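The sequence shown begins at 723 in this note's numbering and counts up one residue at a time. Here is the structure we will look at.
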Amino acid sequence: MKTYRFCTAFMLTLAAFLFLFPAAGHCCWEPAPQGVIEDNCTGGGTKILIVYDTEHGATAIVAQKIFQTLCGVNYGVDLVFVDNLNPETIANYDGIILGSPIYIGQFLPGMNSLLSKSHAEIAKIPSAFFIACTYIGNDTPERQEYAKENYVKKNLAAYSDIQLDDIGILGGEFRYDELFWWEYILMKIANFKEGDYIDNEKIEAWADGVGNKWH
Ligand SMILES: Cc1cc2nc3c(=O)[nH]c(=O)nc-3n(C[C@H](O)[C@H](O)[C@H](O)COP(=O)(O)O)c2cc1C
């Protein structure tokens, strides 16, 4: 009887989960993303596009820090939220930095959609990819390697034409008070811990590294 109840509860939870997170850990009825930031700066001869996805704004903060770092070393940079990007403009840049948070091991759907529609254009220019996640809150070489393989390379496996110059495994932020209700329930069930792992020094160091490669 106990086993039966457990199986029923498990199947119901799984069904709810698959219904709410159909493709890539993102809900079909989801409200507009929070904390979108866009900006641009002019400078130098090298023009870089930073395009990112976000749901609760942490990746926007990380992307903005990358933007500020590159603007500070005199690049021309456009910082654009993925849904607002006109993919036809990709060819105007000398390099592209793509960024997504990780939701249940996946990129957000907006980033997946850009990759699927525009990977050929992205592949024509130098590219780098960063993720914002909480797994790297405890930043060890083993976790960096795990996240590179499972959160980035696996999710990009279908786009072998894109040859990344760099991969940034960066900390994000997780707070219960900003979650949508279905996320709240799921993450409580998973006993996910709150934390702010946005580390400006690490972001700057990664952005500098990418900038130096594209001089
Ligand atoms: C529903 C949900 C699933 C998540 N799944 C993962 C995960 O699989 N691995 C991870 O490291 N972080 C995970 N996180 C943490 C997010 O990656 C982190 O909070 C990120 O900074 C959110 O970025 P955003 O504010 O730009 O949307 C998850 C968060 C939520 C709300």
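All C-beta atoms in this analysis are idealised placements derived from N, C-alpha and C, irrespective of residue type, glycine included. Just so it is clear, the structure is predicted and the values come from calculations on it, not from any experiment.
Rounded to the nearest angstrom, the gap between the Cα atoms of Asn-934 and Leu-771 is 15 Å.
Within the DSSP bridge table, the entry for Leu-801 names Asp-761, Ile-772 as partners. Three or more Cβ pairs closer than 8 Å define a contact, and the stretch 824-840 falls short of that threshold against the stretch 793-802. Taking the C-beta atoms as reference points, Asn-806 is found nearer than 8 Å to Glu-760. In the three-state scheme derived from DSSP, where H, G and I count as helix and E and B as strand, Gly-794 is classed as helix.
Assigned with DSSP and collapsed to three states, Asp-918 falls in strand. Judged by their CB atoms, Gly-931 and Asp-888 are nearer to each other than the 8 Å cut-off. Scanning the stretch 869-928 from its first residue to its last, the whole alpha helix (DSSP H) runs of 4-plus residues come out as 903-911. In this structure, the straight-line span from the alpha carbon of Tyr-873 to that of Gly-890 is close to 11 Å. The DSSP-derived three-state label of Leu-807 is coil. Only exposed fits Asn-922, as fewer than 16 other CB atoms lie within 10 angstroms of its CB.
About 4 Å separates the CB atoms of Tyr-919 and Gly-859; that is less than 8 Å, so the two are in contact. Beta-bridge annotation (DSSP): Pro-823 is paired with Ala-854. Shortest gap from the CB of Phe-896 to any heavy atom of ligand 1: under 7 Å. DSSP places Gly-767 in the coil class of the three-state scheme, outside both helix and strand. Taking all protein chains in view, the Cβ of Tyr-857 is crowded by 16 or more other Cβ atoms within 10 Å, so the residue is classified as buried. Contact between Ala-879 and Thr-791 does not hold, since their C-beta atoms are separated by about 29 Å, which reaches or exceeds 8 Å.
Listed in chain order, the non-local C-beta contacts of Val-804 below 7 Å within the same chain comprise Val-773, Tyr-774, Asp-775, Gly-832, Met-833, Leu-836, local neighbours out to five positions each way being set aside.
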